[in-house]
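A short write-up of the structure that comes next.
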Amino acid sequence: DAGITQSPRHKVTETGTPVTLRCHQTENHRYMYWYRQDPGHGLRLIHYSYGVKDTDKGEVSDGYSVSRSKTEDFLLTLESATSSQTSVYFCAIRDRGQETQYFGPGTRLLVL
Amino acid sequence: AQSVTQPDIHITVSEGASLELRCNYSYGATPYLFWYVQSPGQGLQLLLKYFSGDTLVQGIKGFEAEFKRSQSSFNLRKPSVHWSDAAEYFCAVGADSWGKLQFGAGTQVVVTP
């Protein structure tokens with residue numbers, strides 16, 4: 004258990020509304036990541052962070068923004084949700100000592 | 043372009059039989075290699091990883107994987123599957139200092155009695 008929680012775990016929203024997903028970790032890891040999981044695509048990187056206020060884009064960043072004002076929290080925001088953003092979102096931390104990523108339980112988002 | 047390929051979308055195996063899941067990658071240098079497992083409705087659990095050294099690595103739940111540089115492959119094996127091994131399996135590759143991972147599309151494993 005890498006001490007990662009995600010909230011909410013499930014959310015239904017309507018097209019055009021803003022949505023924020025939260026990832027919280029308890030072990031002071033510097034690196035954090037947001038992925039989305041879709042059938043046939045595996046997991047794809049949205050954004051990642053390498054420290055407080057230090058973030059960068061991943062493979063599928065369009066329509067998403069992130070913020071990290073504290074080490075323990077990494078927020079993913081959909082400014083105006085679209086149906087194509089219906090997905091399962093996973094947060095991960097990177098344990099630098101083991102050079103390994105550990106994943107949170109995921110957030111299932113449905114955009115109607 | 044860098045890529046990770048899991049050629050088998052779906053595999054059905056009998057309980058007690060052996061299992062092999064294939065993973066091929068295309069990267070300029072030897073990357074970090076991982077296998078994760080995802081049970082229905084769950085998050086991803088690390089099975090094993092390869093960074094360097096012995097090319098045969100042992101993981102949890104009786105799984106092992108072999109890195110073959112000449113074939114750019116990192117195949118996952120289990121000698122005798124259990125019904126609880128039914129899940130989706132993902133191969134992942136990392137090759138930069140930021141630790142970003144690229145995942146294969148996954149292989150769904152069904153275990154029959």
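Protein chains in written order, with the numbering used here: chain A, 4 to 115; chain B, 43 to 155. The beta-carbon is built from N, C-alpha and C at its ideal position, and this holds for glycine as well. Keep in mind that this is a model prediction, so the values were computed, not measured.
Taking DSSP's pairing of strands, which residues face residue i in a bridge?
i: B/A43; result: None; B/A43 has no bridge partner.
i: B/Q143; result: Inspection of the sequence shows that residue 143 of chain B is occupied by Leu rather than by Gln. Per DSSP, B/G136.
i: B/A107; result: B/V99 and B/L118
i: A/Q117; result: Outside the shown range of chain A, which is 4 to 115, sits residue 117 of chain A, and nothing can be said about it.
i: B/W77; result: B/L90 and B/C133
i: A/G54; result: A/D57
i: A/I96; result: A/M35 and A/Y105
Got a sec? Which residues, its chain only, sit under 7 Å from residue i by beta carbon, not counting five neighbours each side?
i: A/Q40; result: L46, S90, V91 and F93
Does any residue of chain A have a CB that is nearer than 7 Å to the CB of residue i?
i: B/A129; result: no
i: B/K91; result: yes
i: B/K142; result: yes
i: B/L86; result: yes
i: B/A107; result: no
i: B/G148; result: yes
i: B/F116; result: no
Return the chain-ordered list of same chain residues with a C-beta closer than 6 Å to the C-beta of residue i, the five sequence neighbours on each side being excluded.
i: B/L61; result: V55, K120 and V123
i: A/L113; result: V15 and T89
i: A/V22; result: T16, L81 and A84
i: B/F76; result: K91 and A134
i: A/V63; result: R47 and I49
i: A/T29; result: G6
i: B/E106; result: Q100 and R119
Which residues in the same chain have their Cβ closer than 8 Å to the Cβ of residue i, if we skip the five residues on either side of it in sequence?
i: A/R12; result: P108, G109, T110 and R111
Would you say residue i reaches chain B, if we count a Cβ-Cβ gap shorter than 7 Å as a contact?
i: A/P108; result: yes
i: A/T80; result: no
i: A/R12; result: no
i: A/R97; result: yes
i: A/T103; result: yes
i: A/L48; result: yes
i: A/G127; result: Here chain A covers residues 4 to 115 and nothing more, so residue 127 of chain A does not appear.
i: A/Y92; result: no
i: A/Y34; result: yes
Taking the beta carbon of residue i as the centre, do at least 16 other beta carbons fall within 10 Å, making it buried, or is it exposed?
i: A/R99; result: exposed
i: B/G85; result: buried
i: A/R97; result: buried
i: B/P49; result: exposed
i: B/V151; result: buried
i: B/G148; result: buried
i: A/T103; result: buried
i: A/L115; result: exposed
Are the segment 51-66 of chain A and the segment 14-23 of chain A touching, with three or more C-beta to C-beta distances below 8 Å?
-> no
Examine the Cβ distances between the segment 63-70 of chain B and the segment 58-73 of chain A and report whether three or more of them are shorter than 8 Å.
-> no
Are at least three pairs of beta-carbons, each pair with one atom in the segment 99-114 of chain B and one in the segment 142-149 of chain B, less than 8 Å apart?
-> no
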